[in-house]
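Let me begin by presenting the structure, written as structure tokens, before commenting on it.
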Amino acid sequence: QAKEAGRGGYRFFAPEMNRKLQERRAIEADLRIALEQGGFRLAYQPQVRLGSGTITGAEALLRWARPAMGEMSPDAFIPVAEDTGLIGPIGAWVLQEACRRAARWPDGMTVAVNVSPVQFRQSDLFEVVMAALESSGLPPERLEVEITEGVLLGDTEETLATLRRLRAAGVRIAMDDFGTGYSSLVYLQKFPFDKVKIDRSFIRNLEKDASAVTILRAVLGMSNALGLSTLAEGVETAAQAEMLRHEGCESAQGYLFGRPLTPEALDELMLRQRHAGGEALRALG
Ligand code: C2E
Ligand code: MG
Ligand code: MG
Ligand code: MG
Numbered sequence: 001q002a003k004e005a006g007r008g009g010y011r012f013f014a015p016e017m018n019r020k021l022q023e024r025r026a027i028e029a030d031l032r033i034a035l036e037q038g039g040f041r042l043a044y045q046p047q048v049r050l051g052s053g054t055i056t057g058a059e060a061l062l063r064w065a066r067p068a069m070g071e072m073s074p075d076a077f078i079p080v081a082e083d084t085g086l087i088g089p090i091g092a093w094v095l096q097e098a099c100r101r102a103a104r105w106p107d108g109m110t111v112a113v114n115v116s117p118v119q120f121r122q123s124d125l126f127e128v129v130m131a132a133l134e135s136s137g138l139p140p141e142r143l144e145v146e147i148t149e150g151v152l153l154g155d156t157e158e159t160l161a162t163l164r165r166l167r168a169a170g171v172r173i174a175m176d177d178f179g180t181g182y183s184s185l186v187y188l189q190k191f192p193f194d195k196v197k198i199d200r201s202f203i204r205n206l207e208k209d210a211s212a213v214t215i216l217r218a219v220l221g222m223s224n225a226l227g228l229s230t231l232a233e234g235v236e237t238a239a240q241a242e243m244l245r246h247e248g249c250e251s252a253q254g255y256l257f258g259r260p261l262t263p264e265a266l267d268e269l270m271l272r273q274r275h276a277g278g279e280a281l282r283a284l285g
């Protein structure tokens with residue numbers, strides 16, 4: 001057997017591949033346990049209106065402390081959840097939990113929830129969303145579903161139908177990470193979005209790269225023309241926020257305004273804003 005395996009470098013790569021596979025199996029097993037035993041949490045990152053600095057809502061971000069391994073990034077475990085089908089139940093939990101929490105927020109505050117392309121294609125997304133709204137009592141207008149371009153690849157008729165049903169029910173749809181894919185412009189026109197979230201990679205270069213400003217202007221101009229609202233992701237400096245405001249971007253999210261917070265810390269921030277008469281809060285330090 002060793003002889004057979006010895007050709008073409010197979011013997012060299014096999015242990016590495018095997019190790020990766022085992023690591024993924026271990027993550028999968030731990031994800032199942034987390035699902036059964038309540039091992040997931042949601043963090044909430046404030047979203048603010050750029051003109052006034054007021055909080056209008058928050059994005060729910062999944063958090064998982066892997067037993068004996070510590071916090072693991074969703075960018076690392078969501079792909080495993082997608083490959084194993086676990087994204088269905090995990091995504092349903094995220095929707096339930098985010099809606100349940102947001103139903104307690106002050107009037108008008110919205111919650112944005114990320115939905116993975118794989119989860120989206122598991123056909124019953126509409127029902128899963130409706131169930132989360134019903135059991136929480138959250139008005140549909142206060143839920144925003146964030147999808148990436150990956151959702152729009154593949155079976156577009158069915159995707160379009162699901163997006164339209166969600167929208168007809170009052171749920172908002174945001175395009176996440178805008179500008180990182182291939183033909184985002186076409187998608188914006190073809191699918192029924194309410195909001196464009198401009199990817200952090202454009203914001204990061206605003207201060208040092210004139211072409212980043214040009215792209216920003218184009219994206220904002222097009223979004224406005226299509227009647228879409230705009231949010232800049234990953235805003236870290238006051239200079240970026242000022243440029244964005246100046247260029248007419250409506251809202252923003254980023255470490256400048258607040259890191260992803262525990263639900264309690266977000267409650268407190270919203271409460272403070274209310275007591276300040278809706279006045280801008282320079283969040284959080
Ligand atoms: P995303 O939806 O684009 O979320 C924004 C990410 O940027 C978050 O990372 C957030 O913590 C981070 N971020 C926010 N502001 C700043 C900033 O000013 N600077 C920098 N450097 N980063 C900032 P996080 O929480 O690690 O999530 C990563 C990705 O994982 C998310 O990107 C999203 O695609 C995915 N994800 C998170 N939660 C869920 C979930 O519940 N379901 C699904 N399907 N995907 C999720
Ligand atoms: Mg997102
Ligand atoms: Mg994003
Ligand atoms: Mg992302």
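Residue numbering for the sequence shown follows this note's numbering, beginning at 1 and increasing consecutively. By construction, the Cβ of each residue, glycine as well, lies at the ideal position given by its N, Cα and C atoms. The structure displayed is predicted, hence computed values, not measured ones.
inquiry  = For a quick check, are the C-beta atoms of Met175 and Leu206 less than 7 Å apart?
reply    = no
query = Going by the beta-carbon positions, is the gap between Thr110 and Glu144 smaller than 7 Å?
reply = In this structure, the beta-carbon distance from Thr110 to Glu144 falls below 7 Å.
key: At least three beta-carbon pairs within less than 8 Å, the stretch 228-247 to the stretch 264-277   = Counting Cβ pairs under 8 Å, fewer than three are found: no touch.
message = Using the three-state DSSP reduction, which class does Val113 fall into: helix, strand or coil?
response = strand
message = Quick check: Leu86 and Leu31, are their CB atoms within less than 7 Å of each other?
response = yes
Cut-off 6 Å between Cβ atoms - residues of its own chain near Leu284, not counting five sequence neighbours on either side = Only weak support is given to the placement of Leu284: the predicted model assigns it a pLDDT of 45, under 50, and the question is left unresolved by the model.
Simplified DSSP state of Leu138, which is helix, strand or coil = Look at Leu138 here: in three-state DSSP terms it is coil, with no helix or strand label.
key: Three-state class that DSSP yields for Val48 in the structure shown   = strand
inquiry  = So, at 6 Å on beta carbons, what are the nonlocal neighbours of Ala212 in its own chain, with the 5 sequence-adjacent residues on each side left out?
reply    = Phe202, Asn205, Leu206
inquiry  = What residue range does the alpha helix (DSSP H) around Arg272 cover?
reply    = 263-275
request  = Would you mind stating whether Gly254 and Leu220 have Cβ atoms separated by less than 7 Å?
outcome  = At the C-beta level, Gly254 and Leu220 stay beyond 7 Å of one another.
query = In the structure shown, what three-state DSSP assignment does Glu236 receive?
reply = coil
message = Just to confirm before moving on: does the CB-CB distance between Pro192 and Leu152 stay below 7 Å?
response = No, the pair does not count as a contact, with Cβ atoms beyond the cut-off.
ask   = From Ala5 to Glu82, what does the alpha carbon distance come to, in whole angstroms?
value = For Ala5, the predicted model reports a pLDDT of 48, less than 50, meaning its position is unreliable and no value from the coordinates is stated.
Among Trp93, Pro89, Ile27, nearest to Leu42 - alpha-carbon criterion = Trp93
ask   = Where does the unbroken beta strand (DSSP E) through Lys197 begin, and where does it stop?
value = Looking at the DSSP string, the run of the beta strand (DSSP E) that includes Lys197 is 195-198.
message = Taking the beta strand (DSSP E) that Ala174 belongs to, which residues open and close that run?
response = 172-178
query = When we look at the beta-carbon of Glu36 and count the other beta-carbons within 10 Å, is it buried (16 or more) or exposed?
reply = exposed
query = ligand 1 heavy atoms versus the CB of Asn18: any closer than 6 Å?
reply = no
query = What are the residues that DSSP puts in a beta bridge with Trp64?
reply = According to DSSP, Trp64 bridges with Phe40, Met72.
request  = Go ahead and pull the three-state DSSP assignment for Leu95.
outcome  = helix
task = Specify, as a first and last residue, the run of the beta strand (DSSP E) that Leu143 falls within.
result = 143-147
task = Measuring alpha carbon to alpha carbon, tell me which of Ala112, Ile90, Arg245 ends up nearest Gln45.
result = Ala112
key: Residues bridged to Glu59 (per DSSP)   = Gln45, Ala112
ask   = Taking C-beta to C-beta, are Gly227 and Asp199 nearer than 7 Å?
value = no
request  = Kindly identify the DSSP beta-bridge partner or partners of Leu231.
outcome  = For Leu231, the beta-bridge partners assigned by DSSP are Lys197, Ser251.
ask   = Would you say Ile78 touches ligand 1, meaning its beta carbon is less than 6 Å from a heavy atom?
value = Relative to ligand 1, the beta carbon of Ile78 is positioned inside 6 Å of a heavy atom.
key: Whole-angstrom distance between Arg24 and Ala14, CA atom to CA atom   = 15 Å
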